[in-house]
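Residues are numbered in my numbering as their position in the sequence shown, beginning at 1, plus a constant of 17. Ideal Cβ positions, reconstructed from N, Cα and C, are used throughout, including at glycine.
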Amino acid sequence: MLYPVQNERRIKFDLSGIWNVEIQNKKNSTVKEFTIAVPASLNDQILDVDIRNHVGDFHFKKKFFMNPNLIDERIVLRFGSVTQSAKVFLNENFLVEHYGGFTPFEVDITNYVICGENLLEVVVNNILDETTLPVGCHIKTGNNEKVIPMFDFYNYCGINRPVSIYTTSKTYIKDIVIDYDVKGNRTMISPLITIIGEYHKISLEIIDEEGKTIASAYSKHASLIIENTNKWEPLNAYLYTLKVRLLDEEDKLIDTYSEEFGIRTIEIKNNQLLINNKPIYLKGFGRHEDFPVLGKGMNEAIMNFDHNAMKWIGANSYRTSHYPYSEEEMRLADRNGFIVIDEVPGVGLYSRFNPDVTKNVNDINTWEQMKTKDAHISVINELVKRDKNHPSVIAWAIANEPAGHQKGAKEYFEPLFNQIRELDHEKRPVIVPNIVNATPESDQITQFTDIICLNRYYGWYIDHGELDLSILKLEDEIKKWHSLYPEKPIMITEFGVDTVPGIHSIYSAPYSEEFQIEFYKRTFEILDKLDYVIGEHLWNFADFSTASNIRRIDGNLKGIFSRDRRPKSIVEFIKNRWQDKVTTK
């Protein structure tokens, strides 16, 4: 799927702004009307608790004007994401239904749009259950409904990413896959271009960062050579552009599209991760798309700040926990040179999940309860199709903390590993961050992963505050994993402690800023001893909103920044470590 652009042949305009929204009160059948800014989550824009907690449909409506000069073009309506599902109508005509709240979808509206004013309606639904990803528990009692998320972040809903309309000719470039083969400093580019309709000529150009055409061809099946290749390097990105043009018999332009790409190699060898044949140590974060008022709404200013803050602190990587992030963020990661582990919304795959992992019970078998297989196949397809050309993406995460120790986990996941490896033309590493309950002795999933990824909270949920004991347990477990899979690198994809901004303790008591520093200091001492540990992703970059419960007062507070991006004391400590720590071990 190509990102929507405006160029010399394509027109694009967005439908951001204020939308009208209606919900029906299920208790008394009254209709509530209000306005919501798009793109953004709706929950925190309003002060009515009944609307904020509403479960079910939200009817979004927006009028737009279609210029008669465009009416002979192919006209496409595109959504960056609608969370969690959507039904779309134009001028009272049903267009499309989409399930999954974190990937884009589009529909050809050429036969439904009219010159002049049009009415667009999007029925947004926030219900999660045992068939959806993420997984939720949908409880309905009479007129009362609620969704209990089986994960530890707030179930924000709405039109969280841009809505746009773009045009093409009736003959158009539908998709581009940029495949390449690197031999020393020479790279052969072999693009796979999907074209709908008839054309007379095609031209391909590779353009460098200075705007110079360095290779060209005139066949859809041509290969192009880049001599003296500039590699895409972590935090030192170099992006080329492939420009495709379709021409008619009179050499008039029919359609054109330019796709940026970077050239880099990825390899796992001798339990190390190699990028461009050099071992890399991953320093960074698990994160969330989360900010006050916006919820999970895409905001480029906040996104840009977060990237600048990560560069400033010395990070080189992050994981899109626990769902695909916006296309705008992926493009920014390409430009900034961040290494990204790209994750599908495969979270909640653990029946009776509790953020306190010591409270998880095993009397219900997850894989006998879950009906998420179709959703899982779909989101893997959509993610790879969307992000296939991003040089920043160096690995795929196809789930987070599933019940990998329960009977049926192997049968559930093995086909998904096969699926994503078949889809990805680059054959990038595939991971699943492991939950502590899935021990080295019981886990059924890690056998399929390329990197052992551990989410571990020793010293917090396990042996709370007992750092002397917790670091011994962490070291012992890491060594057990290494003995089982000596060829695989190991990465800590989550570790951290809740820290209340402004709470201090001379005894480094839990929840204080001093304890957060001591926790990471002691943990790093273990990681630095083990040369097969290839990365550390702190949990979390910033505090984030969750459903309310006894352990979540004002959300999850494990961030090294507060939710509104104020630094905690730990920031200076991490900055000193990461700026002094060499990228390779």
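- A straight-line Cα-Cα distance of about 44 Å links leucine 256 and isoleucine 520.
- Between phenylalanine 590 and glycine 572, the gap from beta carbon to beta carbon reaches 7 Å or more.
- Comparing C-alpha distances from lysine 260 to each of Val124, Tyr298, Val194 and Asp323 shows the shortest one belongs to Val194.
- By the CB criterion at 7 Å, alanine 392 and histidine 422 fall outside the cutoff.
- Take valine 124, set aside five residues on each side of it, and the residues of its chain with a beta-carbon closer than 6 Å to its own are Leu94, Leu112 and Val113, in chain order.
- For glutamine 289, the secondary structure class from DSSP, reduced to helix, strand or coil, is strand.
- Cβ contact annotation for isoleucine 381 (same chain, cutoff 8 Å, sequence separation greater than five): Ser368 and Arg369, in chain order.
- When rounded, the separation of the alpha-carbon atoms in isoleucine 243 and serine 233 is 10 Å.
- Considered as a whole, the segment 513-571 harbours 530-544 as its complete alpha helix (DSSP H) runs of no fewer than 4 residues, in chain order.
- One thing to note: alanine 416 has its Cβ within 7 Å of the Cβ of glycine 363.
- Fully contained in the segment 121-197 are the following beta strand (DSSP E) runs of length 3 or more, in chain order: 122-125, 133-142, 153-158, 161-166 and 180-185.
- The Cβ neighbour count for threonine 540, taken over all protein chains shown within 10 Å, is at least 16; the residue is labelled buried.
- In this chain, the alpha helix (DSSP H) harbouring tryptophan 595 covers 587-597.
- Under the 10 Å beta carbon count, tyrosine 475 is surrounded by 16 or more other beta carbons and is classified as buried.
- Burial check for tryptophan 329: the Cβ neighbour count within 10 Å stays below 16, so the residue is exposed.
- For glutamate 227, the closest of Pro419, Thr258 and Asn316 by C-alpha to C-alpha distance is Thr258.
- Between the alpha carbons of lysine 497 and tryptophan 249 lies a distance of about 35 Å.
- In the structure shown, lysine 229 adopts coil according to DSSP, grouped into three states.
- Bridge partners of glycine 34 according to DSSP: Val55.
- The shortest C-alpha to C-alpha distance from aspartate 31 to any of Val38, Thr246, Pro21 and Glu25 is the one to Pro21.
- Between proline 85 and glycine 314, the C-beta gap is not smaller than 7 Å, which leaves the two residues out of contact.
- Counted as a single uninterrupted DSSP element, the alpha helix (DSSP H) harbouring proline 432 occupies residues 426-440.
- Counted as a single uninterrupted DSSP element, the alpha helix (DSSP H) harbouring isoleucine 397 occupies residues 390-404.
- The shortest C-alpha to C-alpha distance from glycine 117 to any of Asn135, Leu150, Phe75 and Arg203 is the one to Leu150.
- Of the residues assessed, asparagine 172 falls on the buried side of the cut-off, its CB having 16 or more other CB atoms within 10 angstroms.
- Distance from the CA atom of arginine 27 to the CA atom of glycine 175, rounded to whole angstroms, is 28 Å.
- For tryptophan 384, the enclosing alpha helix (DSSP H) begins and ends at 383-386.
- Nearest C-alpha to isoleucine 280 among Leu270, Ala326 and Tyr197: Tyr197.
- If you draw a straight line from the Cα of proline 446 to the Cα of tyrosine 429, it comes to about 19 Å.
- In summary, phenylalanine 308 is buried, with 16 or more beta-carbon neighbours lying within 10 Å of its beta-carbon over all protein chains present.
- Around the CB of threonine 52, fewer than 16 other CB atoms lie within 10 Å, so the residue is classed as exposed.
- For glutamate 276, the enclosing beta strand (DSSP E) stretches over residues 270-278.
- DSSP places methionine 347 inside the alpha helix (DSSP H), whose first and last residues are 344-353.
- Contact between the segment 130-143 and the segment 102-109 is present: three or more C-beta pairs spanning the two stretches fall below 8 Å.
- The Cβ atoms of phenylalanine 302 and threonine 563 lie no closer than 7 Å to each other.
- Take the alpha-carbon of valine 199 and the one of aspartate 548: they are about 28 Å apart.
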